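The next block holds one structure in the form of structure tokens; read it before the comments.
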Amino acid sequence: MSEIVNLNKVRKDRERTEKKAEADLNARKFGRTKAERMAEAAREAQAKGRLDQLKFEDE
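This is how it looks when you write it as structure tokens:
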């Protein structure tokens, strides 16, 4: 005898697998390493600090 299978569970498992594969592909294509994110954050902080130094204050 064959085993009873819940078709909704099979469908949801298949969709989860497809979404996981697509997410992995996007992470590889668009993702950045932790070092890249930290370097960009440091550059942004440095640029913001430089901009604040050049700001005129009206009294």
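Numbering (the working numbering), first residue to last: 1280 to 1338.
By construction, the Cβ of each residue, glycine as well, lies at the ideal position given by its N, Cα and C atoms.
This structure is a prediction, so every number in the text was calculated from the model and none was measured.
Rounded straight-line distance, which links the Cα of residue j to that of residue i
i	j	result
I1283	A1302	31 Å
R1316	L1286	42 Å
G1328	F1309	29 Å
R1293	A1300	11 Å
T1312	L1330	27 Å
L1333	K1291	56 Å
A1306	R1295	16 Å
Cβ shell of residue i (< 8 Å), same chain only, five flanking positions each side left out
i	result
A1326	none
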